[in-house]
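Just below is one structure, and these are the notes that go with it.
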Amino acid sequence: MSKLRWVWYDAMKRHVVQKGLPIPAASVADLKALDAAHLEARAVHAVKFDDNWNSPHPAARKAIEFSALTLGDDNLPMDNLTTVSHVAFLPGRNGKYLITVVGRVLTCWEVPLGESEAYRVAEWTAAKKIEQVIVNDDPQIPKDNSILAVKPVNRYLLIVRQRTFEVLPAPSWRKVRPPYPALVSASSSIEMDLPASSSVVVVRQVFAASSDDLPDWPTEPVTILSRYSDDGFETMHQYDLLPNPKAQNSDAKEKLKDQIFDCLPCVFPSQYTRVMSVAPSSCDLRIGPSGKGFWTETRNVVVRHAQNPARCLVGFEVTTAESEPKDGGKKGPPTARVELSKDVLYARRCNIHEILWKKYMISATALEDTVGRIAVGDVTGNVEVLDLA
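Here the sequence shown stands for residues 1 to 389, numbered as in full-length UniProt numbering.
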């Protein structure tokens, strides 16, 4: 294996950056400062994670298990004393820090890569049981149109509600704040027929060294995946927001002074791009910036030549594909495609009582797709951190 720096720098560019894979513990701007050993470690880690995710049988290379329980709380029902209601990786920390919520206690854990233990870093006890780690509460909106996801998309914000998609300028872009009238006048939305129960947003674009190198809106489709229930049918709809060719791109900071938004940066879809049937037991959509994600559902799995029901993490990845040539030989804009993993990422057996009452042992999940980590919390207070790279 070569130890030349230029070899690993070229490998990082070709096999990681150009494929849209996240760089573990670094950004594109950091690559020039890394030596050959650090470039090699990051390139190998990124490729291993991607290969494992897309393999016929993806599996965790290593698992760390620990108890998130603290001192008992007599003010809560017994089932709330031990249930891990939420798990979440801290953004920008490469999966090193994990947040857990058990009853009234929120705890931050350090889970270093390559080690077999988790360390309690900080803890906070609320006055009441914690219902949500991140809450989208707006008393002015209808009950069936609450916020499901908010995603910064370069110069804009994409807000996904149960019934509407909204695009509005970001409060700040390239260190310039647009005036309030410009924010209001540039906002636009589209309304859907059915309310969604959960949604995630995927933004895939070529990595840039800084925000100054980013366009106002990505050149690749921005994809929204929404889960719907209608008359007994469970589906997941894919919507693609394509860049608007008529939109004026602000290439220089001088153009930002007037803050003129002449048209939408994207084209709202007239209908969904794709519909996928999902199991009624599916829930908990999780996705990372690179386009990898999963949901949880009940499946029959084979263990020791016997079929057993299990709660499974079903992986998927949103990729970009070239569109078919139109009349005249010209290709249209690229399209987004959702590809399911060939096998489940994780499975835990469940009994018939869990299925009938829909009270499963797995109570919370989280994904960190920079280094390839999944966290799984259960009702007994245990947490598993799975390393897929």
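Cβ coordinates follow ideal geometry from the N, Cα and C atoms, glycine included.
May I have the straight-line CA-CA distance separating residue i from residue j, to the nearest angstrom?
i	j	result
Lys-13	Ser-199	32 Å
Asp-10	Leu-39	10 Å
Arg-155	Ile-352	49 Å
Lys-48	Pro-56	14 Å
Ser-2	Ala-41	13 Å
Thr-365	Val-7	38 Å
residue 443	Glu-123	One cannot answer for residue 443 here, as it falls past the ends of the chain, which runs 1 to 389.
Gly-372	Thr-223	21 Å
Pro-333	Leu-21	21 Å
Pro-112	Arg-93	11 Å
Val-383	Val-101	11 Å
Asn-52	Trp-217	31 Å
Ile-355	Ala-310	9 Å
Met-192	Glu-117	46 Å
Val-385	Cys-263	45 Å
Leu-343	Cys-312	Inspection of the sequence shows that residue 343 is occupied by Asp rather than by Leu. Between Asp-343 and Cys-312, the C-alpha separation is close to 10 Å.
Arg-286	Val-150	14 Å
Phe-233	Tyr-119	44 Å
Lys-175	Val-153	16 Å
Leu-98	Leu-90	6 Å
Thr-273	His-237	7 Å
Val-376	Ala-247	43 Å
Using only the heavy atoms of the ligand COA, determine whether one of them is closer than 8 Å to the beta carbon of residue i.
i	result
Phe-89	For the ligand COA, the structure offers nothing, since it holds no ligand at all.
What does residue i pair with, by DSSP beta-bridge criteria?
i	result
Asn-308	Val-301
Asp-369	Per DSSP, none; premise fails for Asp-369.
Tyr-97	Glu-110
Tyr-228	Thr-235
If you run the structure through DSSP and keep just helix, strand and coil, what is residue i?
i	result
Leu-388	coil
Thr-82	helix
Leu-34	coil
Tyr-239	strand
Ala-336	strand
Glu-354	helix
Met-276	strand
Tyr-156	strand
Phe-49	helix
Glu-115	coil
Asp-10	helix
Asp-284	strand
Glu-220	coil
Cys-168	Checking the sequence shown, residue 168 turns out to be Leu, not Cys. Reduced to three states, the DSSP call for Leu-168 is strand.
Can you round the beta-carbon distance between residue i and residue j to whole angstroms, since I take them to be within the 8 Å contact cut?
i	j	result
Val-303	Ser-341	Not a contact, Cβ separation roughly 19 Å.
Ala-88	Leu-388	Actually they do not touch by this definition, with Cβ atoms about 18 Å apart.
Thr-296	Ser-282	7 Å
Pro-269	Asp-231	Contact doesn't hold; Cβ gap of about 23 Å is too wide.
Ser-290	Asp-213	With a Cβ gap of about 19 Å, Ser-290 and Asp-213 do not count as contacting.
residue 406	Lys-129	Given that the chain is displayed from residue 1 to residue 389, the structure contains no residue 406 and the question cannot be resolved.
Thr-82	Leu-69	6 Å
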